[in-house]
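In what follows, a structure is listed as structure tokens, so that the remarks can point back to it.
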Amino acid sequence: MCTKGGIGRLRNRWPSGRSHLVVVLDEAVLRRSVGGPEVMRRQLGRLVDAGRQANIEVRVLPQSSGAHASPDGSFKIYELPEPYPAVAYISSPAGAIYVEAEKAARLMLKFDGIHRDALETDKSVELIASVAEELG
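For the sequence shown, our numbering begins at 1 and goes up steadily by one.
See the structure below:
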């Protein structure tokens, strides 16, 4: 799932065998029109559908929360089974950057703060659906 312009974390949990995806999007990405109203409605609808799945958590960081812990852009964190360390992925104009251990742990702390400030999933899904309705 693309978190471009937003903030995201992919969290894989083992040994359940089922991945769990946690995504936090900045509210601004919901309102930035890309591809016109019809494309936006479909994309927002897909986010609503995803947010209703048991293994996917879609949360929105509202504009009212002000500045947040990751103004520099999006990142992803992959939590791997023991004994492997978490790996973080950062997209930059210079290319992909992967970090492990201490640097990944710092990004995990950033994510935890953003996640804490974001709306709960049900409220996020309501907001996303509302933005889609505003598009007509």
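Glycine included, every Cβ here is placed at the ideal spot set by N, Cα and C. Predicted, not measured: the structure shown is a model, and the values here were computed from it.
Where the alpha helix (DSSP H) through residue i begins and ends
| i | result |
| --- | --- |
| residue 130 | 121–134 |
| residue 36 | Careful: residue 36 lies outside any alpha helix (DSSP H) and carries neither H nor E. |
Whole-angstrom distance between residue j and residue i, CA atom to CA atom
| i | j | result |
| --- | --- | --- |
| residue 95 | residue 21 | 24 Å |
| residue 63 | residue 123 | 14 Å |
| residue 130 | residue 30 | 10 Å |
| residue 24 | residue 115 | 7 Å |
| residue 38 | residue 32 | 13 Å |
| residue 57 | residue 120 | 9 Å |
| residue 80 | residue 97 | 18 Å |
Closest residue to residue i among the options (Cα-Cα distance)
| i | options | result |
| --- | --- | --- |
| residue 127 | 34, 88, 19 and 41 | 41 |
| residue 77 | 124, 106 and 30 | 106 |
| residue 136 | 23, 29, 24 and 44 | 44 |
| residue 104 | 86, 36 and 58 | 86 |
| residue 90 | 109, 99, 49 and 84 | 99 |
| residue 83 | 117, 121 and 101 | 101 |
| residue 74 | 26, 133 and 109 | 26 |
| residue 59 | 93, 28, 133 and 97 | 28 |
| residue 54 | 80, 19, 92 and 132 | 19 |
| residue 110 | 88, 51, 92 and 97 | 88 |
First and last residue of the uninterrupted beta strand (DSSP E) at residue i
| i | result |
| --- | --- |
| residue 100 | 95–100 |
| residue 59 | 56–61 |
| residue 25 | 20–26 |
| residue 74 | First-last for residue 74: undefined, no H or E at that position. |
| residue 88 | 87–92 |
Rounded Cβ spacing between residue i and residue j (contact assumed at less than 8 Å)
| i | j | result |
| --- | --- | --- |
| residue 48 | residue 125 | 5 Å |
| residue 117 | residue 65 | 5 Å |
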